[in-house]
Every structure is written in C-alpha cells, then in structure tokens.
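Just below is one structure, and these are the notes that go with it.
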Amino acid sequence: MFDIVVIGGGIIGLATAREILQRSPTTKLLLLEKEPQLATHQTGHNSGVIHSGVYYRPGSLKARLGVEGARRMRQFCEEHGIPSQRVGKVIVAVEERELSALKTLEERGVANGVPDLTRIGPERLRELEPHAYGIAALHLPYVAIVDFTRVAQAMAEDIRRRGGTIRTGARVTRLAHTNGTWRIETTGGDVEGTFLINCGGLHSDRLGRMAGDQPSVRIIPFRGEYFTIRSERASLVNGLIYPVPNPALPFLGVHFTKMLDGGVHVGPNAVLALKREGYRRGDVSLRECVELLCDARFWKMSARFWRVGCSELARSLNPQAFLQAAQRLVPELRSDDLTPSPAGVRAQAVDGQGALCDDFAIERSRDGLHVYNAPSPAATAALTIAETLAASLPDGRAAAQSSSRA
Ligand SMILES: Cc1cc2nc3c(=O)[nH]c(=O)nc-3n(C[C@H](O)[C@H](O)[C@H](O)COP(=O)(O)OP(=O)(O)OC[C@H]3O[C@@H](n4cnc5c(N)ncnc54)[C@H](O)[C@@H]3O)c2cc1C
C-alpha cells in the first residue's frame, strides 16, 4: 500500500514526486508511467526553452510560477550538472500595429519581475540578431535552452535515491476508490494507494474521469510541426527570435529556437492532431475522433477559432506559406534552408465555452489532485508547479513538513 501514487512520468509528475519526497522522506511513493521510458511525450518533444515569464497575465499561475520556476530550473541544472546555455531571446515587432501588443508584453514582463527585460530598437536588434528584421523588440537576456529529458532523468534519480518507486510500462487502466483506498489497475500489475496525483498530460482528463472526477475541461491535442535550418545556414540565428504573439491565443506564433546541439528549429504550425499522441500527419485514432466529434466543447472551440485553425492548416499543407511566416522575422531564409523535423503534441485544455485555457489548471477531488492544464511554460515551471501540488496535499500529508531544499 502506497501513501501517494503519482500517474505520469513526464516532468510534472517527476518534479512532484521529487518534491513530496524532499518534504517528507518517509512517504511511500509510487510513480506510474505507461511508456517504457520516462519523458516520452510532451517532456521529450518540446523546444527546450527555459522561458522568462514575460507573456503571462500578472497574478496568473503562469506568471507566479513561471518567473520563479525559470530561476529554479536554471539552478537545478547547475546543481545536477545538466548542460544549459543562456542564449537570450528577442520578441520582435515587424509592423507598427504590433507595437501596442509589444508594449503590453513589456508591462507584463515588468509586473511579473522578469529580470533585465529591455526594450530595444532596430540597431541593437541587429547587434544581437544580425539577420532578423524588426522595428522594435524586447530583449530577454536570461532565456536559456536545455534538454528537458535530461532534467526529467535527473529528477527520476533523485526520486529513487530518496526511496521512491518508479514503474514504467505500467499504463493505468482502471481506478476505483473504496473506503479511503485507491485500487489502481495497470498493465504492469495492480497497486493500492491512499492519495492519487494525476499528471497524465495528454490523458489527464481521461484519467480524471476514470477516477470519478468530472473535469471542467477537455484535452484537445495540437500537433506543433517544426522545421530545422540546415547546418550551413544555422548562423542566421544566434538565440531565440519570436514574433509578437496574437493575444487572443495561447500559442506563440512561428519562431526560431536555437537548440543545444547548435541547430535551429523553426515553427510551429499548430494543427489539430487526430490522435492524442499523433506525432505524424497520418496518425489517426478513430475512437478519439468520434469522442472529439461528440463533445460540444470541440464544436464551440471550432466556432470560435475556425479562421485561425484554417490558416494554421494552410501553413501546414503549404510550405511556401510557412516560409513566408518565418521570413517576416528572418527575411534571408530560403525554402532550401528548411527540412522537416520531429513534431510535438501539446495537451491543450478547452473549457465548457470552447475557450483555450491559458493558465495552468489544478483541481482537487476526493483523495486526488489533477493537473488538467500544464502547457508551456510548464516544463520551465515544473519545480514551482510541484511545490504548489505538494502544498495542496490534505492533512499536511507531505506538505506541512519543512522543506529543506536540496
Ligand atoms: C511542441 C512543444 C514545445 C514546447 N516547448 C516548451 C518549452 O520550450 N519550454 C517549456 O517550458 N515548455 C514547453 N512545452 C510545454 C512542456 O513540454 C509541457 O508543458 C510539459 O512537458 C508538460 O509535462 P507533463 O508532465 O504534464 O506532460 P507529459 O510530458 O506529456 O507527461 C505525461 C505522462 O503521463 C503518461 N501517462 C498518460 N496516461 C497514462 C496512464 N493511463 N498511465 C500511466 N501513465 C500515463 C504519459 O505517457 C506521459 O509520459 C512545449 C510543448 C510542446 C508540445
């Protein structure tokens, strides 16, 4: 019998398990992951950016946990010998009409306490990113890149070292709660536990329903399609170059991301995936499609965002349209500079009104905690999200004990 069972071996589940054991070393903790390897899904398929916290509405969980989370993530990497590189980021306005949105971002960044955020003009932009075009920009010097799979592995080592158990290849298939005990059926054997923490990423709403909860949101998967700039032309980009995002959407727009291996990713197109773990265009799950089509939230979302959805799809199907979007920021980019690179699938929570939920969403149920929305920058903020979850445990279970940070 375990005290706490965490479902999901992505960065959120791992960080949470680690935090609980750090606060309360005697907790009997089990982490269940359905894949043979940890960090197989969002945590292992992302851009690897330790974000700054500039985008988020002041007071939101993303703002509160993102800025401090970034500092803590950089510190975690240093302490665990995980390579990360401070490459800096520019958010670039290319047209006059984007200046007011840039100003809003600047104000948010200041309100959120983003370190050393500065507004720059075209000359300074050219010094930082000689191949970028823009009339004004924000410079975020602390933004760094990292391999979040390495971070997840280091967290797993900490968990094992502190006496926690991690079982991979154990898909949770049924959850039953009787007399204060969870009976958890998995493909790797059945287990029992007192408290459940659902960090199931793309499957978190399903796991919530399995646990008898009625999540207010539904997860809709969006595939983020990327290209890589061929190595001889990677010098077009020094760090991270992002556009001013559409404030109505929780997506950042087509951007350039330097990777730790020196390569540069360009993207994404954010298109509806026809399977929760549908990394390729041809990946389709009929069952999931039917489920989606039967859900009013999907239709409400489509009614609100069909225009944006169509333009993302058009860009996905037409490489020339994608190139044009990228050339707004780096005009010298040519079509033969780009080759397709692996996609990622984002778990996007959609609420009853069909709105794309922007903020992190954590809900309590009886003897359970559910992370229903942990999109970007949740990898950056994993350590602070974990603290929030550990502090929400009932009866001071693991939470109340003084936290001596490693
Ligand atoms: C394309 C892309 C780019 C991104 N870039 C960035 C970035 O640069 N910086 C940043 O901070 N964030 C970024 N993000 C967001 C970040 O990757 C996620 O917020 C974060 O990885 C979420 O972690 P997670 O643990 O919630 O989910 P996941 O990593 O998806 O983990 C959930 C785990 O639960 C497991 N699971 C599900 N169902 C079951 C079950 N029934 N039984 C057992 N296990 C189960 C899954 O197999 C999975 O391993 C990006 C995301 C995407 C998609």
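For the sequence shown, the residue numbers in this note's numbering are 595 to 1000.
The C-beta atom is built at its ideal place from N, Cα and C for all residues, glycine as well.
For the beta strand (DSSP E) containing residue i, name the first residue and the last one.
i, result
"Val745", "Looking at the DSSP string, Val745 is not in any beta strand (DSSP E); the run it does join, the alpha helix (DSSP H), is Phe742 to Arg755."
"Ser798", "Run containing Ser798: none in the beta strand (DSSP E); it sits in the alpha helix (DSSP H), Ser798 to Met804."
"Glu723", "No beta strand (DSSP E) contains Glu723, which DSSP labels as neither H nor E."
"Ile760", "Thr759 to Arg761"
"Ala730", "Ala730 to Leu734"
"Asn967", "Gly962 to Asn967"
Does residue i come out as helix, strand or coil in the three-state DSSP assignment?
i, result
"Gly787", "strand"
"Gln631", "coil"
"Glu779", "strand"
"Arg928", "coil"
"Lys622", "coil"
"Arg768", "strand"
"Asn974", "For the record, residue 974 in the displayed sequence is Thr; it is not Asn. Correct three-state label for Thr974: coil."
"Gly607", "helix"
"Ser935", "strand"
"Pro824", "The displayed chain sequence assigns Arg, not Pro, to residue 824. The answer is coil: DSSP assigns Arg824 none of H, G, I, E or B."
"Gln947", "coil"
"Pro988", "helix"
"Ala980", "helix"
"Gly638", "helix"
"Arg812", "strand"
"Arg651", "coil"
"Gly774", "coil"
"Gly818", "strand"
"Glu613", "helix"
Which word fits residue i, buried or exposed, when buried means at least 16 other C-beta atoms lie within 10 angstroms of its C-beta?
i, result
"Ala726", "buried"
"Val965", "buried"
"Asn706", "buried"
"Pro815", "buried"
"Trp776", "buried"
"Ala920", "buried"
"Asn792", "buried"
"Pro837", "buried"
"Met895", "buried"
"Val878", "exposed"
"Asn912", "exposed"
"Leu734", "buried"
"Val704", "exposed"
"Cys1001", "Since the first residue shown for the chain is 595 and the last is 1000, residue 1001 is missing from the structure and cannot be characterised."
"Asn863", "buried"
"Ser998", "Residue confidence is low: Ser998 scores 32 on pLDDT, short of 50, so the model does not pin down where it sits. No coordinate-derived value is stated."
"Pro988", "exposed"
"Asn640", "buried"
"Cys537", "In the structure displayed, the chain extends from 595 to 1000; residue 537 sits before or after that span and is not available."
"Leu699", "buried"
"Leu693", "exposed"
"Asp930", "exposed"
"Ser970", "buried"
Taking residue i as part of the alpha helix (DSSP H), name the residues at either end of that continuous run.
i, result
"Val600", "It is not in any alpha helix (DSSP H) - Val600 instead sits in the beta strand (DSSP E) that spans Phe596 to Ile601."
"Phe954", "Per DSSP, Phe954 belongs to no alpha helix (DSSP H) and is neither H nor E."
"Pro923", "Before going on, a small fix: residue 923 reads as Leu here, not Pro. Run containing Leu923: none; DSSP gives neither H nor E here."
"Arg680", "Counting along the chain, Arg680 falls outside any alpha helix (DSSP H), though it belongs to the beta strand (DSSP E) covering Ser678 to Arg680."
"Gly660", "Leu655 to Glu673"
If I'm right that residue i touches residue j with Cβ under 8 Å, what's the distance once you round it to whole angstroms?
i, j, result
"Arg765", "Lys628", "4 Å"
"Gly818", "Gly876", "That belief does not hold up - the Cβ atoms of Gly818 and Gly876 are roughly 17 Å apart, past 8 Å."
"Thr974", "Met667", "6 Å"
"Leu769", "Ala805", "5 Å"
"Leu983", "Val924", "Between Val924 and Leu983 the Cβ distance is about 39 Å, and since that is not below 8 Å, they are no contact."
"Val944", "Arg812", "5 Å"
"Glu723", "Val688", "About 13 Å; that fails the 8 Å criterion."
"Val648", "Val708", "5 Å"
Is residue i close to chain D? Criterion is C-beta to C-beta, closer than 9 Å.
i, result
"Gln942", "No chain D is present in this structure, which holds just one protein chain."
Where are the alpha helix (DSSP H) runs, 4 residues long or more, that stay fully inside the region 834-912, in chain order?
880-887 and 890-911
Report the start-end ranges of each alpha helix (DSSP H) in the region 687-716 that is 4 residues or longer and not cut off at the edges.
Fully enclosed alpha helix (DSSP H) runs of 4 or longer: 693-706.
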